[in-house]
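In the working numbering, the protein residues as written are 25 to 164.
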Ligand code: AMP
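This is the structure:
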């Protein structure tokens, strides 16, 4: 039985109702070039089954996505000449998710791509980390 959601743009791509530039496909996964790429070769990797966010997939569905990352990244870098890449995955509008169908971005990187890299980390006190770890552990 199909899990497709009628107004989901990625479900429509899976169904062939919206065209895409497909770079990888198997029974579970489809990868295609992003229509608004951050860099040359920017690719979106999706499960064929519909789930809005990562926690909506079961472990085997998530594993099927991850299984293709290495091979796909190698192909994208060889095809574009990029020497590095980011894997990005947004869950929820607050985290930047626009299309509510699970997807991973594979983004080839080159020195002159102008994308930059921001990682605004702050050091956390050890007792704060210990307290947080205990709270996480307590969630069943
Ligand atoms: P996100 O902000 O993580 O939800 O990213 C959604 C991505 O899907 C964006 O990078 C869009 O450019 C891309 N996208 C949306 N519609 C299409 C489409 N029809 N074909 C290819 N990429 C798309």
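Even glycine gets a Cβ: it sits at the ideal position worked out from N, Cα and C. Only a predicted model underlies this, so the values are computations on that prediction, with no experimental measurement involved.
Item                                                                                                                                                             : Value
From 30, 34, 27, pick the residue whose C-alpha is nearest to that of residue 125; which is it?                                                                  : 34
What's the C-alpha gap between residue 160 and residue 154?                                                                                                      : 10 Å
Kindly indicate which residue of 76, 97, 86 has the alpha-carbon position closest to the one of residue 109.                                                     : 97
Is the region 128-146 touching the region 88-106 in the sense that three or more CB pairs, one from each, lie closer than 8 Å?                                   : yes
Using C-beta distances below 6 Å, list every residue in its chain close to residue 114, excluding the 5 sequence neighbours before and after it, in chain order. : 120, 121
What distance in whole Å lies between the Cβ atoms of residue 132 and residue 156, which are believed to be in contact at a cut-off of 8 Å?                      : With a Cβ gap of about 34 Å, residue 156 and residue 132 do not count as contacting.
Looking at residue 114 and ligand 1, is the gap between the Cβ and the nearest heavy atom below 6 Å?                                                             : yes
Can you tell me where the alpha helix (DSSP H) holding residue 37 begins and where it ends?                                                                      : 33-38
What did DSSP end up calling residue 42 once you bin it into helix, strand or coil?                                                                              : coil
Which of the three DSSP states is assigned to residue 159 in this structure?                                                                                     : helix
What's the C-alpha gap between residue 138 and residue 39?                                                                                                       : 35 Å
Skipping 5 residues on each side, what residues in its chain have a beta carbon closer than 8 Å to that of residue 58?                                           : 66, 67, 68, 129
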